[in-house]
Structures are given as structure tokens and as C-alpha cells.
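Chemist: In our numbering, the protein residues as written are 87 to 538.
Take a look at the following structure, please.
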């Protein structure tokens, strides 16, 4: 990962918000608003997708990757080092293609499924964060391409793959590979709609994974969602033995809507969460073709809110993440997400618990029916978990800060095609800047997006 806090992207699924007043977790998984076109739906089966590509200038960047979701380090990373002008994939949305289906079984119950995969429009490759880490094994920071861990690791369907039952009365129950409840909510309460170019909580899945980007999605999981009147409830359980991580997870969400106000409170506990990283030169000589991993038990809670006032939408959120050494350490040589072998495993990184506090706020204003203007501010605050109370850049375990601010204009030329432009500025300090080549970056981006 580029900082000890930001292990890589969730490769966020959405740049389109749920309809006003819709529950944050009222659908089986996050997906974009799709153009209403009956030609893409046949007997309850719908084909949908997004292609997003643009051009970016990064004041401190790294070369484009053909695998890692964001493509470029839009949030300052350890290897961000020189001015970079490049084609820019997935600025507002992860490019993807998927198919979903609904088959009525009774007047109240239907079978549902979803299969989705993300890809890089610059190369056609499936999104694969760990492969970008593998490519940079043994390389000095100033010679690395953009890289990062991800819940998308080259699987055939790494966005979603689930089957279940949906009832207007009893709710929706699904099983398979699904987004976390945190990611579901952040897609609604992030003012930049989980944009990978303009939102640190969209660029990195650390927050939506509750402390590890790979757990922004859970395979081998069951998810239950129900809404009654103004209130909603959701529960997710990940069974032991999945590829995203080998432990168990439980998440609970409660929320509600009242007039223009929406809010959710989410709790998450993940055992044996894995954060992958590249090998050093010495490690790569000893274990070529493998990766390193830090293992932790992570507990998080988050509160998010949104208020709609005329043409304006005001957003805010806070998440507290606590990371501890795992109760059940993982062995050297186990296979992580995507089948990558992890030859260097750290089970003792958090003898003193690491705590990350994530906060954000923002405003989205619909200037016209076709033009949206958005401004957002995000912040990470890390405690000192080294043991000496350090608050400088001498170690990544010292207390530290990350700031990220962005402004975006998005203009819809048609129901399927929009153009966007904006700028993101990010900076790190103290422990979250340890080992960095540069401490800040300003990154303007323009792009186009086709959604169907």
C-alpha cells in the first residue's frame, strides 16, 4: 500500500447515487443508475455497464498501470514522485459490465441474481490490484508504476456474483460475492459518489472495507436487507474460508429516512483481514512471484447522513476503525485473494491497536437539470501505535494525517453519456507521510463516461 492507512482501492462500483429517499442498503449490492432501455432487458434479464476514460495531470504522480482500478495515484502515494500527464481510466466510475436478473416466483417473492466484472478501459484487462503490486516487486519507489491492493483481483466476476430471493414484505436475502454494508452506504453518503479520481474513500477501499481494502467485498457471504416504512435494517455474515480473506466477518446496519434527511449507523467486525503489498528487493530475490501481507482483526463503526434541500444535497460521515493483531495468525505461504501466494506475513503489526478516524463532508448542487457541481473534503487521523507516542514521519506507526479535497462539474449530454472535469488535492503529514517521496499532489482530470 502507498501509506500504511490506504492499502488500495475498492475499485468503487458507482458514481451514481440511489434515488432520493431510497435506503442506503435497499438493494442487494451497489450498482450505477442504468439508462432505462427495454432493449437491454429480456425476460427479466438486464445487461448493464459503464465505460469511463479521460486525461489527467498529476503534479506528483506515477506511470499508468493496466491493472489497478484507478490507473493513476489520484491520492498521494509513497511512489508519487514526478509530474505526470496520462490517459486516465475510471475517474468517476469503475468501468464494468454486468448482468442481473429477476424471476417472479409468487406475487410477493422473486429469485434474483447478479454477475459483474470490472475492467481497465485502457487495456481491456480485468481489474486486478494484487497484480499491480506483483509487477512492482523489488523496484525502488521512484521506478514503480501505480499500484495498490484491491478487492478486485482478476477474478472472472470480481464486482458481484450472487443469487437470492427478494420479497417486498420480507426483504432480500442473497448469497455469494457481495459488497460490504460499509461500501453500500458510502456509495450513498459520499458527496463524490465513490469517485476514484475525486474521493479518497472511493480511491481506497480502506474505509469501505473497515480497515482492509480486500474486505470491501465478501465472497462466501450471506446478506439480508429489509425496509419497513421509514426504517431499514441490514445484516451481512461472511463464512470462514473465502478468497477475499480466510476469516469471518459480521456487519450490521440500521438507518432511516425522514423527509429530506437520511442517516445510517453501521458496525463491522472482520477477523483475519489481509492487506497485501509489494516485496522489497531482498524479499523478491528470496520469494519471487509472491506478495507480502499484514493480517489484523478489524472493528469499525460508521455514521453517515445526507440532507436534501431543494437543488442542494449536503453530506457528512464519520468512521472509527480499530486494528488489532489477529486472534488466529495466518501462516506463511497461504493463498490470498486472486490466488496470490503470500510469502512474507506479519501477524504482529498492531500490538498497540492502530486507530484510524475517517471523516468527510461535502455539497452537491444541481445547477441545471443536466449540470451538477460538487465539492468535498475528506480527512484521515491516525493514532500513534509505535509505543513512544511519536507524531513525526520517522515511522508509519507514528500519529499522522491525510487531507483530500476536490471539486467536480459533471454535465450530462444525454441519458447515457456525460462529460466531467475537476481537480483533487491530497496531502499527508507525520506518520501517514513516512517513506513518501512527496507529501502532496494536485491532480486535474477531465473525462467522459458512457453508462448503459
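Cβ atoms here follow ideal geometry from the backbone N, Cα and C, with glycine treated the same way.
Here the structure is a predicted model, which means the values were calculated and not measured.
Using only CA atoms, which one of 229, 372, 501 and 182 lies nearest to residue 206?
Modeler: As a working note, residue 206 is residue 120 in the chain shown. It is 182 whose Cα lies nearest to the Cα of residue 206.
Chemist: Any idea what DSSP makes of residue 274, helix, strand or coil?
Modeler: The count along the chain shown starts at 1 and reaches residue 274 at position 188. Of the three classes helix, strand and coil, the one that applies to residue 274 here is helix, per DSSP.
Chemist: Quickly, what does DSSP pair residue 261 with across the bridge? List them, please.
Modeler: Position 175 of the chain shown holds residue 261. BP columns for residue 261 point to 249 and 308.
Chemist: Using a threshold of 8 Å, state whether the C-beta atoms of residue 132 and residue 186 are closer than that.
Modeler: Walking along the chain shown from the start, residue 132 turns up at place 46. Walking along the chain shown from the start, residue 186 turns up at place 100. Taking 8 Å as the Cβ cut-off, residue 132 and residue 186 qualify as a contacting pair.
Chemist: How about residue 247 and residue 263: are their beta carbons less than 8 Å apart?
Modeler: Locating residue 247 in the chain shown gives position 161, counting from the first residue. Locating residue 263 in the chain shown gives position 177, counting from the first residue. It is a contact, given that the beta carbons lie within the stated cut-off.
Chemist: When the Cα atoms are used, what is the spatial distance from residue 538 to residue 312?
Modeler: Here residue 538 is taken as the residue at index 452 of the chain shown, counted from 1. Here residue 312 is taken as the residue at index 226 of the chain shown, counted from 1. Each residue's alpha carbon lies about 27 Å from the other.
Chemist: Can you pull the DSSP bridge partners for residue 337?
Modeler: Start at 1 with the first residue of the chain shown, and residue 337 comes out as number 251. According to DSSP, residue 337 bridges with 322 and 354.
Chemist: Does DSSP put residue 295 in a helix, a strand or coil?
Modeler: Indexing the chain shown from 1 puts residue 295 at position 209. DSSP places residue 295 in coil when its eight states are reduced to three.
Chemist: Would you kindly work out how many angstroms separate the C-alpha atoms of residue 282 and residue 364, rounded to a whole number?
Modeler: Here the question's residue 282 lines up with position 196 in the chain shown. Here the question's residue 364 lines up with position 278 in the chain shown. Distance between the alpha carbons of residue 282 and residue 364 is about 21 Å.
Chemist: If you run the structure through DSSP and keep just helix, strand and coil, what is residue 399?
Modeler: Translated into the one-based positions of the chain shown, residue 399 becomes position 313. Strand at residue 399.
Chemist: Just to confirm, is the Cβ distance from residue 216 to residue 377 under 8 Å?
Modeler: As a working note, residue 216 is residue 130 in the chain shown. As a working note, residue 377 is residue 291 in the chain shown. It is a contact, given that the beta carbons lie within the stated cut-off.
Chemist: Can you tell which of 208, 184 and 211 has the C-alpha that lies nearest to the C-alpha of residue 199?
Modeler: Numbered from its first residue, the chain shown carries residue 199 at position 113. Nearest of 208, 184 and 211 to residue 199, Cα basis: 184.
Chemist: What distance in whole Å lies between the Cβ atoms of residue 160 and residue 203, which are believed to be in contact at a cut-off of 8 Å?
Modeler: The count along the chain shown starts at 1 and reaches residue 203 at position 117. The count along the chain shown starts at 1 and reaches residue 160 at position 74. That pair is no contact at about 22 Å.
Chemist: Which residues does DSSP list as the beta-bridge partners of residue 238?
Modeler: Within the chain shown, the letter at position 152 stands for residue 238. DSSP, once it has assigned bridges, lists no residue as partnering residue 238.
Chemist: Apart from the five residues on each side of it in sequence, which residues of its chain come closer than 8 Å, Cβ to Cβ, to residue 112?
Modeler: Numbered from 1 along the chain shown, position 26 holds the residue referred to as residue 112. Low per-residue confidence applies at residue 112: pLDDT is 40, beneath 50, and the placement is therefore not dependable enough to give any value.
Chemist: Which term fits residue 151, buried or exposed, when burial requires 16 or more other beta carbons within 10 angstroms of its beta carbon?
Modeler: The count along the chain shown starts at 1 and reaches residue 151 at position 65. Its Cβ being crowded by 16 or more others within 10 Å, residue 151 is buried.
Chemist: Report all residues from its chain with a CB closer than 7 Å to the CB of residue 471; omit the five preceding and five following residues, and keep chain order.
Modeler: In the chain shown, counting from the first residue as 1, residue 471 sits at position 385. The answer, listed in chain order, is 436, 438, 439, 440 and 483.
Chemist: Using the beta-carbon count (16 or more within 10 Å), is residue 146 buried or exposed?
Modeler: In the chain shown, counting from the first residue as 1, residue 146 sits at position 60. Residue 146 should be labelled buried.
Chemist: Any idea if residue 129 is buried or exposed, counting beta-carbon neighbours within 10 angstroms, 16 or more meaning buried?
Modeler: One-based indexing of the chain shown puts residue 129 at position 43. Burial call: exposed.
Chemist: May I ask you to report which of helix, strand or coil DSSP gives residue 217?
Modeler: For the purposes of this step, residue 217 is taken as the residue at position 131 of the chain shown. Looking at residue 217 - three-state DSSP - the assignment turns out to be helix.
Chemist: Using the Cα positions of residue 522 and residue 515, report the straight-line distance between them to the nearest angstrom.
Modeler: Position 436 of the chain shown, counted from the first residue, corresponds to residue 522. Position 429 of the chain shown, counted from the first residue, corresponds to residue 515. If I take the Cα positions, the gap works out to 10 Å.
Chemist: Suppose you measure from the CA of residue 271 to the CA of residue 321; what does that come to, to the nearest Å?
Modeler: The residue labelled residue 271 in the question sits at position 185 within the chain shown. The residue labelled residue 321 in the question sits at position 235 within the chain shown. Between residue 271 and residue 321, the C-alpha separation is close to 13 Å.
Chemist: Just the C-alpha distance for residue 173 and residue 231, rounded to the nearest angstrom, thanks.
Modeler: Locating residue 173 in the chain shown gives position 87, counting from the first residue. Locating residue 231 in the chain shown gives position 145, counting from the first residue. If I take the Cα positions, the gap works out to 14 Å.
Chemist: If you check the beta carbons only, do residue 266 and residue 240 fall under 8 Å apart?
Modeler: The residue given as residue 266 occupies position 180 in the chain shown. The residue given as residue 240 occupies position 154 in the chain shown. Contact: no.
Chemist: With DSSP as the reference, label residue 286 as helix, strand or coil.
Modeler: Indexing the chain shown from 1 puts residue 286 at position 200. Helix, per DSSP.
Chemist: Between 302, 315, 336 and 144, which lies nearest to residue 308 when the distance is taken from Cα to Cα?
Modeler: As a first step, residue 308 is located in the chain shown; it is residue number 222 there, counting from the start. Checking every option, the nearest Cα to that of residue 308 belongs to 336.
Chemist: Are there three or more Cβ pairs, one per stretch, closer than 8 Å when the stretch 485-498 is compared with the stretch 507-514?
Modeler: The answer is yes - the stretch 507-514 touches the stretch 485-498, with three or more Cβ pairs under 8 Å.
Chemist: Considering Cα atoms alone, identify which of 153, 374, 275 and 405 is closest to residue 238.
Modeler: Locating residue 238 in the chain shown gives position 152, where the first residue counts as 1. Ranking 153, 374, 275 and 405 by Cα distance to residue 238 puts 153 first.
Chemist: Can you list, in chain order, the residues of its chain whose CB lies under 7 Å from that of residue 550, leaving out five sequence neighbours each side?
Modeler: Nothing in the structure corresponds to residue 550, since the chain is present only between 87 and 538.
Chemist: Considering only C-alpha positions, which residue in the set 342, 404 and 424 is nearest to residue 245?
Modeler: Here residue 245 corresponds to residue number 159 of the chain shown, with the count starting at 1. The candidate whose alpha carbon is nearest that of residue 245 is 424.
Chemist: For residue 227, does the three-state DSSP call read helix, strand or coil?
Modeler: Here the question's residue 227 lines up with position 141 in the chain shown. In this structure, residue 227 counts as helix in the three-state DSSP scheme.
Chemist: From residue 294 to residue 417, what does the alpha carbon distance come to, in whole angstroms?
Modeler: For the purposes of this step, residue 294 is taken as residue 208 along the chain shown, with counting starting at 1. For the purposes of this step, residue 417 is taken as residue 331 along the chain shown, with counting starting at 1. Their backbone Cα atoms lie some 26 Å apart in a straight line.
Chemist: Relative to the C-alpha of residue 139, which candidate in 507, 339, 333 and 348 has its C-alpha closest?
Modeler: Reading the chain shown from its first residue, position 53 is the one you call residue 139. If we check each option's Cα against that of residue 139, 507 comes out closest.
Chemist: How many angstroms separate the CA atom of residue 118 from the CA atom of residue 180?
Modeler: For the purposes of this step, residue 118 is identified with residue 32 of the chain shown, where counting begins at 1. For the purposes of this step, residue 180 is identified with residue 94 of the chain shown, where counting begins at 1. Legend: pLDDT at residue 118 = 38, less than 50; position of this residue unreliable, value from coordinates given subsequently. Going by the C-alpha atoms only, they are around 10 Å apart.
Chemist: Looking at residue 141: is its Cβ nearer than 8 Å to the Cβ of residue 532?
Modeler: Here residue 141 refers to the residue found at position 55 when the chain shown is read from its first residue. Here residue 532 refers to the residue found at position 446 when the chain shown is read from its first residue. Cβ distance < 8 Å, so residue 141 and residue 532 count as in contact.
Chemist: Considering only residues of the same chain and omitting the five flanking positions on each side of residue 340, which have a CB-CB separation below 6 Å?
Modeler: As a working mapping, residue 340 is identified with position 254 in the chain shown. These residues qualify, in order along the chain: 319 and 351.
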